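Protein chains in written order, with my numbering: chain F, 136 to 229; chain W, 47 to 345.
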């Protein structure tokens, strides 16, 4: 997985509360990322197994808006993300 | 999150035009993504679109999604290509694309595209594209063809010599056969006085008269006159400028014998304003006054 600065921002947003599920809009606000950057990263991390996603359990007709896609760190993703940040904190590029 | 997220797949009545554009952009972007992601991305992006704070932010978000589609599509292509994998000492699996030595990497192509776009915009501004476009437009203006009276038309006989260079010569027009008298259901040709022999003039004068689009006499035959079987011929004098416009109030030169018919003739003459043919002298329209007859006749 290519560890760009933007990818690290995405991981950092999830590592603030690893059990929390976030939508793309939530990650965008926390990471200050543009949509053109964010969603490809989310899909890459999901396809690599770092994230898992699901649809929000709501009825769009009742709430009057589309369902959100919620992402969360998987156990392996949490481990890998922690390792990446640990590596960076030691000053070594992966 | 209700009103801000009220941007469903279909634009609402209250959505601004910007929001409509944003929704359209997202739908367009989602449809250009890999087929297995189209529906998901569309719904996901529309849901996140509603979380944006302003119309401009939503538009920026939608534009970003268009870019994201391209990146996602390229990622899908890259996944199909062979990828070298390597393991670091810390067990982190990293993957990268094999270096082929070609400058046309994804980043390189994107960078070249951006640079080319900027060059095009800057060059168009510096060269003045607007001026180039204007230069290529035809330089001719708008010409209005003015149909001159055909020279081969036989000139109407001038019964009396012209008074001189006066602007409003009092010419009594006794039209010859080519100039019909307006009649109502009169199958017989109009009766005209025979033309007097005239002296040859240096000025070729063609008298004007009612034009092709002159109103119909039938529309101005007074209903009461028809009922009372009133018929007759009225001679109306008009002054017409070089554009065929009336420049005075029409006058009755010769009464038809009935006031109602005279009034109908005057009304017809006034209604024909703008539809008169001007008198021409050597083919040049001039202002002149002339009289013409209007016949009201019943079958």
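No residue lacks a Cβ here, since even glycine has one placed at the ideal position from N, Cα and C.
Please read all numbers here as calculations on a predicted model, not as lab measurements.
Boundaries of the beta strand (DSSP E) around residue 208 of chain F: 204–208. Within 8 Å of the CB of residue 178 of chain F, the CB atoms of chain W belong to 83, 118 and 121, in sequence order along the chain.
Secondary structure note for residue 282 of chain W: its beta strand (DSSP E) is the uninterrupted segment 278–286. Per the Cβ contact rule, the segment 85–94 of chain W is in contact with the segment 159–179 of chain F (3 or more Cβ pairs under 8 Å). DSSP places residue 187 of chain F within a strand segment (E or B) once states are collapsed to three. Boundaries of the beta strand (DSSP E) around residue 326 of chain W: 325–327.
No Cβ of chain F is located within less than 9 Å of the beta carbon of residue 78 of chain W. Using a CB distance below 9 Å, the part of the segment 86–103 of chain W facing chain F consists of 86, 87, 88, 89, 90, 91, 92, 93, 94, 95, 96, 97 and 98, ordered along the chain. Counting only Cβ-Cβ distances below 7 Å, residue 159 of chain F has contacts in chain W at 90 and 94, in chain order. Contact of residue 114 of chain W with chain F is assigned, a C-beta pair being separated by under 9 Å. Residue range 297–300 is occupied by the beta strand (DSSP E) that includes residue 297 of chain W. The Cβ atoms of residue 112 of chain W and residue 75 of chain W sit closer than 9 Å to each other. The C-beta distance from residue 159 of chain F to residue 94 of chain W rounds to 5 Å, short enough to fall under 8 Å.
A direct Cα-to-Cα measurement between residue 341 of chain W and residue 260 of chain W gives close to 15 Å.
Cβ-Cβ distances below 6 Å link residue 78 of chain W to 115 in the same chain, with the five nearest sequence neighbours on each side left out; the list follows chain order. Going by beta carbons, residue 315 of chain W and residue 279 of chain W fall outside the 9 Å limit. Taking 9 Å as the threshold, the shortest C-beta distance from residue 209 of chain F to chain W does not fall below it.
Assigned with DSSP and collapsed to three states, residue 162 of chain W falls in helix. Listed as beta-bridge partners of residue 171 of chain F by DSSP are no residues whatsoever. Sequence-distant partners of residue 334 of chain W (beyond 5 residues in either direction) whose C-beta falls short of 6 Å from its own C-beta, in its chain, are 325. Counting along the chain, the unbroken alpha helix (DSSP H) around residue 269 of chain W starts and ends at 269–273.
Look at residue 139 of chain F here: in three-state DSSP terms it is coil, with no helix or strand label. The C-alpha of residue 73 of chain W is placed about 15 Å away from the C-alpha of residue 170 of chain F. Contact annotation: residue 256 of chain W and residue 310 of chain W have beta-carbon atoms that are not nearer than 9 Å.
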